[in-house]
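Residue 1 is where the sequence shown starts when you use full-length UniProt numbering, and the numbers rise one by one after that. Ideal Cβ positions, reconstructed from N, Cα and C, are used throughout, including at glycine. Scroll down for the structure; my scribbles are underneath it.
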Amino acid sequence: MRGKFISLEGGEGSGKTTAIHFIRQWLESHNISYILTREPGGTPLAEEIRQLILTPREEPVNNATELLLVFAARAQHLAEKIQPALDKGTWVISDRFLDSSYVYQGKARGGDTKVLDQLASWVVGDNKPDATLVLDVPVELGQERVVQRQHQDRLDKESVLFHQKVRDGFLECASADPLRVRVIDASLSLDAVQKQIEDQLMQLSKTWSGDE
Ligand code: TMP
Numbered sequence: 001m002r003g004k005f006i007s008l009e010g011g012e013g014s015g016k017t018t019a020i021h022f023i024r025q026w027l028e029s030h031n032i033s034y035i036l037t038r039e040p041g042g043t044p045l046a047e048e049i050r051q052l053i054l055t056p057r058e059e060p061v062n063n064a065t066e067l068l069l070v071f072a073a074r075a076q077h078l079a080e081k082i083q084p085a086l087d088k089g090t091w092v093i094s095d096r097f098l099d100s101s102y103v104y105q106g107k108a109r110g111g112d113t114k115v116l117d118q119l120a121s122w123v124v125g126d127n128k129p130d131a132t133l134v135l136d137v138p139v140e141l142g143q144e145r146v147v148q149r150q151h152q153d154r155l156d157k158e159s160v161l162f163h164q165k166v167r168d169g170f171l172e173c174a175s176a177d178p179l180r181v182r183v184i185d186a187s188l189s190l191d192a193v194q195k196q197i198e199d200q201l202m203q204l205s206k207t208w209s210g211d212e
């Protein structure tokens, strides 16, 4: 049996790290073998590409350059880490994946959806996540959490308008594909957020065990 592939998405400061910690505990309590990974990154080469993408720099980064770098990292990540794990029956939990490209490089940067579709079909093909959890928070709340961080990357430093487009973009992904993309209201208390994640994981694992 091929493993299940779950991606976690959300704007800056949406609480992905805490959510991943909780998902990990859930997987362990259900004796599911899994790997945790992230994008951009996940392999040594893809992590080097991540640095190229996220390091703040003087030179303006061209939109096409940014787009191609995220897909270059993704090609490596899929070939070297995600596909081999799924083939072994291991579940893959990725902190961000393809939806981030549609949202950041597409919606927020104004990238052409047709180009994104072509890259997605070439690089990702059928390896789309089986499920995606979007952690949704109002931009102001996300930004409040991010400013408390010591280190801010090149994209954290983007404008409020950019981050608003990111939030809208993820909500659009959920409306376009509600079966795969589930929205978690991450502005609530920690317990309430974890409860929503747990409900989604229970629902998904029930659906998937019916597929066997
Ligand atoms: P994060 O993992 O700490 O959220 O940082 C990753 C950053 O990379 C985040 O700002 C979103 C951005 N990103 C893209 O712009 N496009 C992508 O396809 C992915 C996976 C991430």
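Helix, strand or coil: how does DSSP classify residue i here?
| i | result |
| --- | --- |
| phenylalanine 97 | coil |
| arginine 180 | coil |
| glycine 89 | coil |
| glycine 13 | coil |
| arginine 2 | coil |
If you count every other CB in all the chains shown that lies within 10 Å of the CB of residue i, and 16 or more means buried, which is it?
| i | result |
| --- | --- |
| threonine 37 | buried |
| serine 29 | exposed |
| histidine 151 | exposed |
| glutamate 48 | exposed |
| valine 160 | exposed |
| arginine 167 | buried |
Less than 7 Å between the C-beta atoms of residue i and residue j, yes or no?
| i | j | result |
| --- | --- | --- |
| isoleucine 184 | phenylalanine 22 | no |
| alanine 186 | serine 33 | no |
| glycine 169 | lysine 107 | yes |
| leucine 155 | alanine 120 | no |
| aspartate 153 | leucine 54 | yes |
| glycine 125 | leucine 67 | no |
Of the residues the options, which one's Cα is nearest the Cα of residue i?
| i | options | result |
| --- | --- | --- |
| alanine 79 | Pro44, Ala186, Glu12, Lys206 | Pro44 |
| leucine 201 | Ile20, Gly15, Gly13, Met1 | Ile20 |
| alanine 46 | Arg57, Glu59, Gln25, Ile82 | Ile82 |
| serine 69 | Asp126, Phe5, Pro84, Tyr104 | Reading the sequence as shown, one finds leucine at residue 69 and not serine. Closest option to leucine 69, Cα to Cα, is Tyr104. |
| aspartate 191 | Glu12, Thr18, Ser7 | Thr18 |
By Cβ distance, which residues of its chain are closer than 7 Å to residue i, with the 5 residues on each side in sequence left out?
| i | result |
| --- | --- |
| glutamine 164 | Val139 |
| leucine 86 | Arg2, Gly3, Phe5, Val92 |
Tell me which residues share the same chain as residue i and place their Cβ nearer than 8 Å to its Cβ, disregarding the 5 neighbours each side in the sequence.
| i | result |
| --- | --- |
| cysteine 173 | Glu9, Asp99, Tyr102, Val103, Thr132, Val134, Val181 |
| alanine 75 | Val123 |
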